[in-house]
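J.: Quick one: structure below, then a few questions.
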Ligand code: UFG
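The following block contains the structure:
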């Protein structure tokens, strides 16, 4: 049985990945400092260690003591807005802590890592859909910190033979169809949870950030991808690393762009309730359109998104939030 270490396995995407890895028969160890994650989100079949990636020595000891065949690295800071206020924290969390992880991998002779990267590495897109080969010009410190770690991965491959797959997520959303795990992240900044929580009365209303974009209906267009589709790509990427030992970068989106209005309209149909909303000014830094070209992941990994219709994304998010009004309740 192969042994996988998951950093940030108590977080939103990480917890869904841990469940899928356990289902697939991997031996899973989770490290998470629980600053944003929830112990209750971690599948009972996994071993859980509350640990901060800042603690380079503890991390090294872990890798030397236990052998891991691969690492899924989800832990990191994710709020774009915050990254513009506290850049140092982003470089510490997403770059320095990542290097601690790579050094621990060297010490423990672990050769495979899958990294959670982001569409934010592209910045303002030069063309749509966005390809992996498009210019990398992040406009915020979040995107820059993720790009810097991608570059470090490439150096560690070249110098130390650590193979990697960097997955550039577009708009991760939805929840596990079981309704048992989902997104419980404070502060909530993302469209789908904000919208669902506006229906539940947790927020007064949803703010629609700008209706004067050069798009089909004036609102921003995004590529929403179901969290279980993202997780599928991680499992395929693990096999890819084990079988091919080849390092690659992939976009993960479903290739269809939906506007904020379309998301609201679909949600009203799925939830069968009106979404209370107000139109506000644009949010600083939002590109008008972000849509992925994920052909490379389809061709090289054999990945196909199966759950990324908007109805399913919103339906599963609704199922989770409406039955967990306090999230995990911790
Ligand atoms: N939006 C609203 N109201 C809200 C929240 C969002 O109108 O309350 C709009 C945004 O303006 C945007 C769309 O809904 O047009 C989606 O916004 P999200 O905050 O859900 O997601 P982003 O597209 O801003 O962020 C995603 C990823 C980030 C990544 C970024 C790249 O979640 O991790 O794309 O630009 F950095």
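In the numbering used here, the protein residues as written are 54 to 383.
Glycine included, C-beta positions come from ideal geometry on N, C-alpha and C.
In this text the structure is predicted, and so the values were computed from the model without any measurement.
Assuming residue 224 and residue 183 form a contact by the criterion Cβ under 8 Å, report the distance between their Cβ atoms to the nearest whole angstrom.
T.: Between residue 183 and residue 224 the Cβ distance is about 13 Å, and since that is not below 8 Å, they are no contact.
J.: Which two residues bound the contiguous beta strand (DSSP E) that contains residue 124?
T.: First-last of the beta strand (DSSP E) with residue 124: 123-126.
J.: With distances taken Cα to Cα, identify the nearest neighbour of residue 265 among 315, 334 and 259.
T.: Residue 334 is the option with its Cα nearest to residue 265.
J.: Which stretch, first to last residue, makes up the beta strand (DSSP E) that contains residue 80?
T.: 80-85 is the extent of the beta strand (DSSP E) around residue 80.
J.: State the DSSP-derived secondary structure class of residue 167, mapped to helix, strand or coil.
T.: In the structure shown, residue 167 sits in a strand (DSSP, three-state: E or B).
J.: Could you compute how far the alpha carbon of residue 167 sits from the alpha carbon of residue 249?
T.: Going from the Cα of residue 167 to the Cα of residue 249 covers about 31 Å.
J.: DSSP state of residue 268, grouped into three classes?
T.: In this structure, residue 268 counts as coil in the three-state DSSP scheme.
J.: Taking just the CA atoms, how far does residue 246 sit from residue 369?
T.: Whole-angstrom Cα-Cα distance: 11 Å.
J.: Report the rounded CA-to-CA distance for residue 323 versus residue 303, giving the unit in angstroms.
T.: Whole-angstrom Cα-Cα distance: 31 Å.
J.: Output the distance between the C-alpha atoms of residue 327 and residue 252, rounded to the nearest integer angstrom.
T.: If you take the alpha carbons of residue 327 and residue 252, they lie about 7 Å apart.
J.: If you measure between the beta carbons of residue 125 and residue 179, is that distance less than 7 Å?
T.: Taking 7 Å as the Cβ cut-off, residue 125 and residue 179 do not qualify as a contacting pair.
J.: Measure the Cβ-Cβ separation of residue 194 and residue 140 and say whether it is below 7 Å.
T.: Their beta carbons are under 7 Å apart, which means residue 194 touches residue 140 by this criterion.
J.: Anyone know if the C-beta pair for residue 106 and residue 153 falls short of 7 Å?
T.: Closer than 7 Å, so yes.
J.: Report yes or no: do the segment 199-207 and the segment 131-148 share at least 3 C-beta pairs separated by less than 8 Å?
T.: Touching, yes, given that three or more Cβ pairs across the two stretches are closer than 8 Å.
J.: What's the gap between the Cα of residue 192 and the Cα of residue 286?
T.: About 26 Å.
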